[in-house]
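A.B. asks: Just dropping this structure here.
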Amino acid sequence: MTDDFTEEEKLGFYKAIYSRRDVRSHFTSKPIEDEILSKILHAAHHAPSVGFSQPWNFILIKNDQTKKKIKESFQEEKKRSSQLIEEPKRSKYLSFKLEGISESPVNVCVTYDPTKFGPFVIGRSSIPEAGLYSVCCAIQNLWLSARTEGVGLGWVSILSNEALKEVLELPEHVIPVAYLCLGYVDEFAEKPDLETAGWLPRLELKDVVYFEKWEDKENKDWLSIQKMINENLDYA
Ligand SMILES: Cc1cc2nc3c(=O)[nH]c(=O)nc-3n(C[C@H](O)[C@H](O)[C@H](O)COP(=O)(O)O)c2cc1C
Numbered sequence: 001m002t003d004d005f006t007e008e009e010k011l012g013f014y015k016a017i018y019s020r021r022d023v024r025s026h027f028t029s030k031p032i033e034d035e036i037l038s039k040i041l042h043a044a045h046h047a048p049s050v051g052f053s054q055p056w057n058f059i060l061i062k063n064d065q066t067k068k069k070i071k072e073s074f075q076e077e078k079k080r081s082s083q084l085i086e087e088p089k090r091s092k093y094l095s096f097k098l099e100g101i102s103e104s105p106v107n108v109c110v111t112y113d114p115t116k117f118g119p120f121v122i123g124r125s126s127i128p129e130a131g132l133y134s135v136c137c138a139i140q141n142l143w144l145s146a147r148t149e150g151v152g153l154g155w156v157s158i159l160s161n162e163a164l165k166e167v168l169e170l171p172e173h174v175i176p177v178a179y180l181c182l183g184y185v186d187e188f189a190e191k192p193d194l195e196t197a198g199w200l201p202r203l204e205l206k207d208v209v210y211f212e213k214w215e216d217k218e219n220k221d222w223l224s225i226q227k228m229i230n231e232n233l234d235y236a
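With the first letter of the sequence shown counted as 1, position 98 gets the number 98 in UniProt numbering; the numbers rise by one all the way through.
In structure tokens, the structure reads:
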């Protein structure tokens, strides 16, 4: 039995992908309804995971004191990382809004627990990072589900994992993977903020696709798709 997507369902799926944005501003004061947040978390929990280990946990945060402590870590880390680049890039970097911790009604810390269903997990003995990759799959599900529900999400990685562990009282073996800020927004930008600000461009697909081996961009066995990729047909 096949359960194919209808044309309309396909459009909805690609709309979520192409209109998803990392959102740091534009949060409105409208709270996220529990039913919607629950739907988003269910979507995250249905991600693929190595050996079906489901190594994620989701810590839901709305306490202002907790947010304040996390924001302090952000401010310290942003300052520290700015020392890694020279002017004029440094000032540009410092001018960017790169988090919405206090403005967003709900923060979610997504963690990785390598001990869950372990120590033997099918598929994880050769590539231990597969556990972390699984958590990232859950995060992407969460992000796309949020977008589908009209909820903006911003991922904040300018944070100290040590601070996160301390503030959220994580056990030693649990790794914070993502700190996410969620809330309804009054707009989803058409392009990534960093693209609009001229920080980095979106690469063309032809620059990231190789055939059969590293850096082979012209392979006679792949002519038809090569042409499509080179024409950079934009589905967005
Ligand atoms: C692992 C990861 C960490 C990120 N960390 C931050 C961050 O600390 N602050 C921020 O403003 N955006 C962060 N982002 C968002 C990216 O900047 C954003 O995804 C990228 O610029 C493309 O924009 P788009 O998500 O709107 O398509 C992060 C994204 C990922 C996947």
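We put the CB at the ideal spot given by N, CA and C, even for glycine.
So, using beta-carbon positions, are ILE158 and GLU231 closer together than 8 Å?
C.D. replies: No.
A.B. asks: Applying the criterion that 16 or more other CB atoms from any shown protein chain within 10 Å of the CB defines a buried residue, is VAL167 buried or exposed?
C.D. replies: So VAL167 ends up on the buried side.
A.B. asks: With a threshold of 7 Å (Cβ to nearest heavy atom), would residue 272 be considered close to ligand 1?
C.D. replies: Nothing about residue 272 can be read from this structure; the chain reaches only from 1 to 236.
A.B. asks: Between the alpha carbons of GLU195 and SER19, how many angstroms are there, rounded?
C.D. replies: Each residue's Cα considered, the two are about 14 Å apart.
A.B. asks: Can the beta-carbon of VAL108 be found less than 8 Å from the beta-carbon of ILE70?
C.D. replies: Not in contact: VAL108 and ILE70 (Cβ atoms no closer than 8 Å).
A.B. asks: Looking at PRO171 and ligand 1, is the gap between the Cβ and the nearest heavy atom below 7 Å?
C.D. replies: No.
A.B. asks: For TYR210, which residues from the same chain have a beta carbon less than 7 Å from its beta carbon, with the 5 sequence-adjacent residues on both sides left out?
C.D. replies: Result list for TYR210: ASP216 and LYS217, in chain order.
A.B. asks: What is the C-beta distance between THR28 and VAL174, in whole angstroms, given that I count them as a contact (C-beta under 8 Å)?
C.D. replies: At roughly 33 Å, the Cβ-Cβ gap does not stay under 8 Å, so THR28 and VAL174 are not in contact.
A.B. asks: THR111: which of ALA189, LYS39 and PRO176 sits nearest, CA to CA?
C.D. replies: Cα-wise, what sits closest to THR111 is PRO176.
A.B. asks: Would you tell me roughly how many angstroms separate the C-alpha atoms of GLU162 and ARG202, rounded to the nearest one?
C.D. replies: Their Cα atoms are separated by approximately 32 Å.
A.B. asks: Do you know whose CA, among GLU190, VAL208 and GLY51, lies nearest SER125's CA?
C.D. replies: Of GLU190, VAL208 and GLY51, the residue nearest in Cα terms is GLY51.
A.B. asks: Restricting to Cα atoms, I'd like to know which of PRO55, ARG147 and LYS79 is closest to GLY12.
C.D. replies: Closest option to GLY12, Cα to Cα, is ARG147.
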